[in-house]
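Report on one structure; see the data block that follows.
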Amino acid sequence: MIKQELQKFFQLISNKNFKEAEETLGKIREKLEKSIENFGYLKALEGLILTFKSDDEKLYLKRLIEAKDEKEINQFKSEFLFHVKNELHGDYDRGYFKALLDYLNFIKKS
Numbered sequence: 872m873i874k875q876e877l878q879k880f881f882q883l884i885s886n887k888n889f890k891e892a893e894e895t896l897g898k899i900r901e902k903l904e905k906s907i908e909n910f911g912y913l914k915a916l917e918g919l920i921l922t923f924k925s926d927d928e929k930l931y932l933k934r935l936i937e938a939k940d941e942k943e944i945n946q947f948k949s950e951f952l953f954h955v956k957n958e959l960h961g962d963y964d965r966g967y968f969k970a971l972l973d974y975l976n977f978i979k980k981s
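Next up, the structure:
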């Protein structure tokens, strides 16, 4: 099931186990049906890996992965949920923001 693979992926990147996270991402990629929205979703997951690997503090996603404060996490969630639901955004963008929203939900439960 994709949800279990996704939870595993988020746990692996949180633990900085990038090799296994990339393998898990490959499994997720195989299981997702090919669509523009899922392509955006996968690109966001790839971006999370790259952000975790990077030391560049200026990256926008760096703020996301370092968010610990409940208020800050909720602000990100509101912003991403707005983009996911916004019909003016294309499928790629909605998929991208959906992945980030899923990551925030993982953080909140952790």
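Just remember that my numbering sits 871 ahead of the position in the sequence shown, which is counted from 1.
C-beta atoms are modelled at their ideal positions from N, C-alpha and C, and glycine is treated no differently.
What you are looking at is a predicted structure, and each value in this text was computed from that prediction instead of being measured.
Tell me whether residue i is buried or exposed, calling it buried when 16 or more other Cβ atoms sit within 10 Å of its Cβ.
i	result
residue 980	exposed
residue 953	exposed
residue 959	exposed
Excluding five sequence neighbours on each side, which residues of the same chain lie with their C-beta closer than 7 Å to the C-beta of residue i?
i	result
residue 881	974, 977
residue 879	895
Are residue i and residue j touching if we call contact CB-CB under 9 Å?
i	j	result
residue 933	residue 927	yes
residue 889	residue 910	no
residue 921	residue 951	no
residue 969	residue 915	yes
residue 876	residue 898	yes
Assuming residue i and residue j are in contact, meaning their beta carbons sit under 8 Å apart, how far apart are those beta carbons, in whole angstroms?
i	j	result
residue 967	residue 912	7 Å
residue 936	residue 919	7 Å
residue 883	residue 892	4 Å
Using C-beta distances below 6 Å, list every residue in its chain close to residue i, excluding the 5 sequence neighbours before and after it, in chain order.
i	result
residue 948	975
For residue i, which residues from the same chain have a beta carbon less than 8 Å from its beta carbon, with the 5 sequence-adjacent residues on both sides left out?
i	result
residue 917	896
Write down every uninterrupted run of the alpha helix (DSSP H) in the segment 884–942 whose length is 4 residues or greater and which is fully enclosed by it, in chain order. Within the segment 884–942, the runs of alpha helix (DSSP H) at least 4 residues long that lie entirely inside it are, in chain order, 889–902, 907–924, 931–936.
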